[in-house]
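Written below as structure tokens is the structure these notes are about.
Numbering (this note's numbering), first residue to last: 161 to 1174.
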């Protein structure tokens, strides 16, 4: 029920006339002033009952002195209306607000500010009651009159816009709400300046809006900006500051940042204790937010204690008919349900439903939430008819359709195309579908599976509906993560039904979605007949956003971070506005951009070369799905391997492969640590699916999850023989098959069918030099993270030789020392066919966008020699091949639905069609040897996968015993297009240069090995 936390806070952030001193200045009688002071004090403490008592006394005294048609009498009638609204006494409140409006109208006429204040209060009441149409009608009237009375640039007009935005927020008309909030912000900034309480409030309201639309990163930035303004204007010990902190806590809990959320919530609670006291209804808000966090963490008894405390406080302050009280009942019921106290939960849910129905109405998202909770509880109690009935009502409430739960294809289609009130309503629909899926488990398998499959397809359709509403990549990934459960269910059901093609479609739907969207967006620009300037503008906006996000992550002074955050929030708004207008004005572009063009299984088959097979994997909690297809056949195989076990095996093999120290110091233990999982992977992931494969010599691997960390080349076809370690004679997969990798089959297809990029056919190669230091006069150009990234970097002598050898053979640009700078790379990279970077890489697993390639320091004032992932993504490359001869360029954090967040993927975003990258830190001597063979093979017309395969095999054939270990030759992997490439060569002979270079490399390598052995 966190949505209502946000609504509650939002309500209090909108200014009303009783937030300031309420007593009219023309009354000076001491008894009236004293009563007003008591009433005001009760109001601020949340004692609305007390405020009403004092207010009624005041009203009687004013009636005796001035009559009932006086403006001061109307003022306090209006005040009592607001207090009754806070108490949830909506019928009384409506009567009072209408009365004050009539008195003011009789005195001033319809078009007066006091009349508008009464009308605004009435609209707020209707919103609280869930009478949204009536509230909208009133507010639109107020807006029209305000525009006439004070103009559209006045703060009074802005307050009306904010109220209307709050209404649209509650009804789920989020685009309209956002537009109104942004206009409110513009007026407030113009009238008050950017550092003002009103600007802080509207930023907080925008942030609340972004939370319910799952735009969490944008919401966080807005909250932090709002809090920064409050610190300067109200101070940190203010109730409004506490309210925003509470909302920030809700956001952090949703993002899984529980520790930060708890800190924010406890700080807000302390402020409210000091300013409002523990008897204020707003204090209950802190209790419920913290309780929800404890519930999520499994601290259920602590959660129950806090929920009970909040319930008692709300009962005392607001009464048992208030929506906030109904909300806390439902929250408490959820904990009881999780504890197995189903009948206790049921009683609370029924009571909450009654309050919600009476106070908020059946269109409110919380009405559907109550119905879903009841459906789930009746399901647990095995009362299936009641469960089905409540779930049907929940779907009706969310979709606005008069629909049953007779599950058919037509039923599914009607729910996918329904006009949902909001994203929150779609989320409730997804909850209904989950409960219905579990309800069907009670039926016989033959009768239920077809229905469950329909539910799975419907769920994916709704998730897709939500995802398309986001421009933020993190929000889209969050949606993909939430849909994983439905993907697992769908694959299982399709597998049971033998529908392999449909299962493959579903598998592809969750692979590298954002990378695919980037390619679709560019194609949509081209095919949608849009001017290049529009594409450039969109790219520039996203580039600005990425730059600001990266700079905020870096350690900067708080004042500077606050300034950057203001700019980031503006860029977010500009992106939303630009994308919205672009899609509205160019429907053909929008259709192409969102068209589902995932590759079909038979399309992949048709494009596969002879002797080539594609193997795709999907990891779920309990089953690992294997897909195989070649030119002539396809199949799907579920393997009963749980996610936890698979992760353990991946960790064991990956650790064994990269643990040089274990290999040098404990040879036998290292041998066992590698060979055992290496054969396990072949036996479980390769052998079963290729058992009847004939005449195949090339595997295209589409991994899933942490499988992307492993070089499949190292899998062992046969178990290792007993006896002393013998790496040379092991049956590696690479000895029998060429291997390449792709993020998805659809991206492989897009890459294969992409038109030949225009480049100069030459090579751009750079070797980093880490002996060059930054001039002391230029140190102020660099932040502290620069020094951390460069500290301890060892010289890469073989990298210099590696690039020198390439310069002797190929045409192009070959950068050494300051000629291998970040600035020069950015200037030149877009022109070249092959890019080869021999330098250190720096992985940032916490913030993947800050992972970087480390160029030579040249003292440039604009570029800091760290080419970071977000910068790479925004480059425009035309390269046929990018070779990252650096450490861990293919490793990174796994993002569900988008693959490994590595430097390699960033180059794919930039337009590279294929990559050779590394999965762990590599020895520069081995690197130069394999690179030499790779380019030699490519020059001879080999495909990229064959060129890399043969380079590895040749290295193994020549290496000494220590060099046979796969730690040295296997970290290099090929991602993307496998086709041969042509690189313009120099006309003179290559032989003697190669000989001299080889001798130098062997000498350096010999010294390295000797040192290792000693």
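Glycine residues also receive a C-beta, built at the ideal position from the N, C-alpha and C atoms.
Which whole-angstrom value describes the C-beta separation of residue 279 and residue 302, a residue pair presumed to lie in contact below a C-beta threshold of 8 Å? The residue labelled residue 279 in the question sits at position 119 within the chain shown. The residue labelled residue 302 in the question sits at position 142 within the chain shown. The pair is a contact, with the Cβ atoms about 5 Å apart (cut-off 8 Å).
Strictly by DSSP, which residues pair up with residue 1002? Here residue 1002 is taken as the residue at index 842 of the chain shown, counted from 1. DSSP lists 1012 as partners of residue 1002.
Just confirm the distance between the C-beta atoms of residue 1063 and residue 1029, as a whole number of angstroms; I'd bet it's less than 8 Å. What you label residue 1063 is simply residue 903 of the chain shown in a count that begins at 1. What you label residue 1029 is simply residue 869 of the chain shown in a count that begins at 1. Their Cβ separation, rounded to whole angstroms, is 6 Å, which keeps residue 1063 and residue 1029 in contact under 8 Å.
DSSP state of residue 575, grouped into three classes? As a first step, residue 575 is located in the chain shown; it is residue number 415 there, counting from the start. Residue 575: helix per DSSP, three-state reduction.
First through last residue of the beta strand (DSSP E) which encompasses residue 595: As a position in the chain shown, residue 595 is number 435, starting the count at 1. Where residue 595 is concerned, there is no enclosing beta strand (DSSP E), although the alpha helix (DSSP H) it sits in stretches over 583–600.
Between which two residues does the beta strand (DSSP E) containing residue 795 stretch? Counting from one through the chain shown, the residue named residue 795 turns up at place 635. Where residue 795 is concerned, the enclosing beta strand (DSSP E) stretches over 794–799.
C-alpha distance - residue 1057 paired with residue 341, whole-angstrom precision: For the purposes of this step, residue 1057 is identified with residue 897 of the chain shown, where counting begins at 1. For the purposes of this step, residue 341 is identified with residue 181 of the chain shown, where counting begins at 1. Note that residue 1057 scores a pLDDT of 42, beneath 50, so its modelled location is shaky and nothing firm can be said.
Compute the Euclidean distance between the alpha carbons of residue 959 and residue 1143, then round it to the nearest angstrom. Counted from its first residue, the chain shown places residue 959 at position 799. Counted from its first residue, the chain shown places residue 1143 at position 983. Their Cα atoms are separated by approximately 20 Å.
Does the distance from the CB of residue 155 to the CB of residue 442 come in under 8 Å? No statement about residue 155 is possible, as the shown extent of the chain runs from 161 to 1174 and does not include it.
Might you give, ordered along the chain, the residues of its own chain that have their beta carbon closer than 6 Å to the beta carbon of residue 661, omitting 5 neighbours on each side? Here residue 661 is taken as the residue at index 501 of the chain shown, counted from 1. Result list for residue 661: 761, in chain order.
Local conformation of residue 1090 per DSSP, three classes: In the chain shown, residue 1090 corresponds to position 930, counting from 1. Helix.
Leaving out five residues on either side along the sequence, give the residues of the same chain with a beta carbon under 7 Å from the beta carbon of residue 530. Locating residue 530 in the chain shown gives position 370, where the first residue counts as 1. Contacts found: 490, 509, 512, 513 and 516.
By Cβ distance below 6 Å, which residues in the same chain neighbour residue 1177 in space, the five residues on each side in sequence not counted? Limits of the chain in this structure are 161 at one end and 1174 at the other, which puts residue 1177 out of reach.
Could you tell me how far apart the beta carbons of residue 1127 and residue 823 are, in whole angstroms, since I believe they sit closer than 8 Å? For this step, residue 1127 is matched to residue 967 along the chain shown. For this step, residue 823 is matched to residue 663 along the chain shown. Rounded, the Cβ-Cβ distance is 6 Å, consistent with contact.
Based on the DSSP secondary-structure assignment, which residues constitute the bridge partners of residue 1145? Residue 1145 sits at position 985 when you count from the first residue of the chain shown. DSSP lists 970 as the bridge partner or partners of residue 1145.
For residue 272, three-class secondary structure by DSSP: Within the chain shown, the letter at position 112 stands for residue 272. The answer is coil: DSSP assigns residue 272 none of H, G, I, E or B.
Which residues does DSSP list as the beta-bridge partners of residue 925? The count along the chain shown starts at 1 and reaches residue 925 at position 765. Bridge partners of residue 925: 974 and 996.
Using a Cβ-Cβ cut-off of 6 Å (strictly less than) and excluding sequence neighbours within five positions of residue 964, which residues of its own chain qualify? Locating residue 964 in the chain shown gives position 804, counting from the first residue. Shown here for residue 964: not one same chain residue has a beta carbon closer than 6 Å to its own, the five before and five after excluded.
Could you pull out every residue in the same chain whose Cβ sits closer than 8 Å to the Cβ of residue 586, ignoring the five residues on either side in sequence? Here residue 586 corresponds to residue number 426 of the chain shown, with the count starting at 1. Residues 558, 580, 622, 625 and 626 of the same chain have their beta carbon placed closer than 8 Å to that of residue 586, with the five preceding and five following residues left out of the count.
In the DSSP assignment, find the beta strand (DSSP E) that holds residue 1028 and state where it starts and stops. Counting from one through the chain shown, the residue named residue 1028 turns up at place 868. Note, residue 1028: beta strand (DSSP E), 1026–1028.
Residue of 821, 827, 786 and 887 minimising C-alpha distance to residue 848: Sequence index remark: in the chain shown, residue 848 carries index 688 (1-based). Cα-wise, what sits closest to residue 848 is 786.
Which runs of the beta strand (DSSP E), 3 residues or longer, sit entirely within the segment 811–895? Every beta strand (DSSP E) stretch that sits fully inside the segment 811–895 and reaches 3 residues is listed by chain position as 858–862.
When you compare only the Cα positions, how much space is there between residue 615 and residue 210? As a working mapping, residue 615 is identified with position 455 in the chain shown. As a working mapping, residue 210 is identified with position 50 in the chain shown. If you take the alpha carbons of residue 615 and residue 210, they lie about 52 Å apart.
How many whole angstroms separate the CB atoms of residue 866 and residue 810, which I take to be in contact at a CB cut-off of 8 Å? Taking the first residue of the chain shown as 1, we reach residue 866 at position 706. Taking the first residue of the chain shown as 1, we reach residue 810 at position 650. Contact flag correct, Cβ pair sits at about 5 Å.
Residue nearest to residue 1145 in terms of C-alpha spacing, selected from 306, 973 and 397: For this step, residue 1145 is matched to residue 985 along the chain shown. When only C-alpha atoms are compared, the closest one is 973.
Starting from the Cα of residue 422, find the closest Cα among 436, 444, 437 and 450 and give me that residue. As a first step, residue 422 is located in the chain shown; it is residue number 262 there, counting from the start. With distances taken between Cα atoms, residue 422 lies closest to 450.
Own chain partners of residue 1086 with C-beta closer than 6 Å, once the 5 adjacent residues on each side are dropped: Along the chain shown, read from residue 1 onward, the residue named residue 1086 stands at position 926. A distance below 6 Å between beta-carbons, with the five flanking residues on each side excluded, links residue 1086 to the following residues of its chain, in chain order: 1128.
Does DSSP classify residue 415 as helix, strand or coil? Position 255 of the chain shown holds residue 415. Looking at residue 415 - three-state DSSP - the assignment turns out to be coil, as it is neither helix nor strand.
Inter-residue Cα distance where the pair is residue 593 and residue 608: On the chain shown, residue 593 is found 433 positions in, with the first residue counted as 1. On the chain shown, residue 608 is found 448 positions in, with the first residue counted as 1. For residue 593 and residue 608, the distance between alpha carbons rounds to 14 Å.
Give me whichever residues DSSP pairs with residue 775 in a beta bridge. Start at 1 with the first residue of the chain shown, and residue 775 comes out as number 615. BP columns for residue 775 point to 788 and 861.
Rounded Cβ spacing between residue 1076 and residue 1134 (contact assumed at less than 8 Å): Mapped onto the chain shown, residue 1076 falls at position 916. Mapped onto the chain shown, residue 1134 falls at position 974. So it is a contact: roughly 6 Å between Cβ atoms.
State whether the segment 889–904 contacts the segment 917–928, with contact taken as three or more CB pairs (one from each stretch) at a distance under 8 Å. no
Rounded distance between the beta-carbons of residue 241 and residue 281, thought under 8 Å: Here residue 281 refers to the residue found at position 121 when the chain shown is read from its first residue. Here residue 241 refers to the residue found at position 81 when the chain shown is read from its first residue. About 6 Å; that satisfies the 8 Å criterion.
Rounding to the nearest angstrom, what Cα-Cα distance links residue 464 and residue 259 in this structure? Here residue 464 is taken as the residue at index 304 of the chain shown, counted from 1. Here residue 259 is taken as the residue at index 99 of the chain shown, counted from 1. Cα to Cα, residue 464 sits roughly 43 Å from residue 259.
Spatial neighbours of residue 764 within its chain, please: C-beta separation below 7 Å, excluding the five flanking residues on both sides. Looking up residue 764 in the chain shown gives position 604. Same-chain partners within the cutoff: 774, 789, 905 and 909.
Any chance you could list the alpha helix (DSSP H) runs of at least 4 consecutive residues sitting entirely within the segment 303–353, in chain order? 315–331 and 334–352
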